[in-house]
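Peer 1: Take this structure first; my questions come after.
Written out as structure tokens, the structure reads:
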């Protein structure tokens, strides 16, 4: 079963938000989300951000592109347990010809910051060679995120 995600109606300043319910398997022995699973929440947020722009990862791959993670970081501010709903927010804050950097915020339902972080991605072709980010994606991100 896939994690349930629900889109927010109110992204602002380029930020996209989806809601994720914490599954039992996401938690550790202490009953809170295992720290490594927040990277999965980042991935879900990023995929929903791209899908909302009209570019699902399935479509990217079908068109011969992949956005591979070349850097990831997370800072932990709080925790949450099983069956809680978190708000996973994502935004592109830097965009070059081949790379893009997403920033993330994971909040509880009351808006308390649980985790912040970022990932940097390189656009690769089918031969795993760096390639320019497709123009339509570049334009959509720049418009949504106010990147010059």
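Residue numbers (the working numbering): 2 to 149.
All C-beta atoms, glycine included, are put in the ideal place defined by N, C-alpha and C.
Please read these numbers as outputs of a predicted model, since none were measured by experiment.
Is it true that the CB of residue 86 sits closer than 9 Å to the CB of residue 115?
Peer 2: no
Peer 1: Would residue 91 and residue 49 qualify as a contact pair, given that the criterion is a beta-carbon distance under 9 Å?
Peer 2: yes
Peer 1: With a CB to CB cut of under 7 Å and the five nearest residues on each side skipped, what residues in its chain are close to residue 72?
Peer 2: 120, 121
Peer 1: I need the straight-line Cα distance from residue 76 to residue 33, nearest angstrom please.
Peer 2: Going by the C-alpha atoms only, they are around 16 Å apart.
Peer 1: Quick one: residues in its chain with C-beta nearer than 7 Å to the C-beta of residue 65, no 5 flanking neighbours on either side, listed in chain order?
Peer 2: Once the five neighbours on either side are set aside, the close Cβ partners of residue 65 are 126, 127.
Peer 1: Within the continuous alpha helix (DSSP H) that includes residue 106, where are the two ends?
Peer 2: Segment 100 to 108 is the beta strand (DSSP E) holding residue 106; no alpha helix (DSSP H) there.
Peer 1: Three Cβ pairs or more, each shorter than 8 Å: is that satisfied between the region 94 to 112 and the region 53 to 64?
Peer 2: No, they do not touch.
Peer 1: I'd like to confirm the pairing. Which residues does DSSP put opposite residue 92 in its beta bridges?
Peer 2: 104
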